[in-house]
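In what follows, a structure is listed as structure tokens, so that the remarks can point back to it.
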Amino acid sequence: MVMLGARGDTATQISECLKTQDCRDDVHSQFDKLLGELNKPGAPFALSVANRLFGDQSYQFLQEFLKQTRTNYKSELESVDFRTKYEKTRNEINSWVEKQTQGKIKDIIAKGELNNMTRLVLVNAIYFKGTWDEPFLKMSTYNGQFWLNKVKLKNLKVRQTQSLCKPQT
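Written out as structure tokens, the structure reads:
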């Protein structure tokens, strides 16, 4: 969604980083198709992709950008008051993300990250629950650290595995 609104050098740098230079215009419509495939009824997993724009009510957003985010990312713009109610808005954003991720992601935006100069918050949160084709070995579990956001760290049990991927023919 960031690349959709980017222009010039910023758009070029994002495209280079994501390795989408050859298909920059198709990336957005392909994401829409991917969401459709992942959210098909009867899938053996649960997936919630939560995309939303929270924009300050004083700011005029380009209608074409909003149309494209709605079409390709199923994202709506929620008009909010960052200028005088940024802390209340932070709590509302956190509550929305928590609800969209079945309570797994809490406080995605830490206290102090928003202020009266904030104009737009773009949220992408994903909730996935499924079974692994190859389960992790319990003996590979160790105590690790997971960053919840820029300032908050959580200690938890971590597992990892290593394998080679073979392309399907």
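Letter by letter, the sequence shown follows residues 247 to 415 of the working numbering.
Every residue, glycine too, gets a C-beta built ideally from N, C-alpha and C.
I think residue 374 touches residue 291, with their Cβ atoms under 8 Å apart; what is that distance to the nearest whole Å? Locating residue 374 in the sequence shown gives position 128, counting from the first residue. Locating residue 291 in the sequence shown gives position 45, counting from the first residue. At roughly 7 Å, the Cβ-Cβ gap stays under 8 Å, so residue 374 and residue 291 are in contact.
Measuring only the C-alpha atoms, how far is residue 384 from residue 397? Within the sequence shown, numbered from 1, the residue matching residue 384 stands at position 138. Within the sequence shown, numbered from 1, the residue matching residue 397 stands at position 151. Distance between the alpha carbons of residue 384 and residue 397: 30 Å.
Any idea what DSSP makes of residue 386, helix, strand or coil? Mapped onto the sequence shown, residue 386 falls at position 140. Three-state DSSP puts residue 386 in a helix.
Going by other Cβ atoms of all chains shown within 10 Å of its Cβ, with 16 needed for buried, is residue 296 buried or exposed? Translated into positions along the sequence shown, residue 296 becomes position 50. Burial call: buried.
So residue 401 packs on residue 389, CB below 8 Å; how close in whole Å? To locate residue 401, count along the sequence shown from 1; it is residue 155. To locate residue 389, count along the sequence shown from 1; it is residue 143. Going by Cβ atoms, the distance from residue 401 to residue 389 rounds to 6 Å, so yes, they are a contact pair.
Based on Cα-Cα distance, which residue from 399, 386, 395, 394 lies nearest to residue 408? Along the sequence shown, read from residue 1 onward, the residue named residue 408 stands at position 162. The shortest Cα separation from residue 408 among 399, 386, 395, 394 belongs to 386.
With residue 360 and residue 328 assumed to form a contact (beta carbons below 8 Å), what rounded beta-carbon distance in angstroms separates them? Start at 1 with the first residue of the sequence shown, and residue 360 comes out as number 114. Start at 1 with the first residue of the sequence shown, and residue 328 comes out as number 82. About 6 Å separates the two Cβ atoms, so the contact holds.
How far does the beta strand (DSSP E) with residue 324 in it reach, from first residue to last? Residue mapping note: residue 324 aligns to position 78 of the sequence shown, counting from 1. First-last of the beta strand (DSSP E) with residue 324: 322–326.
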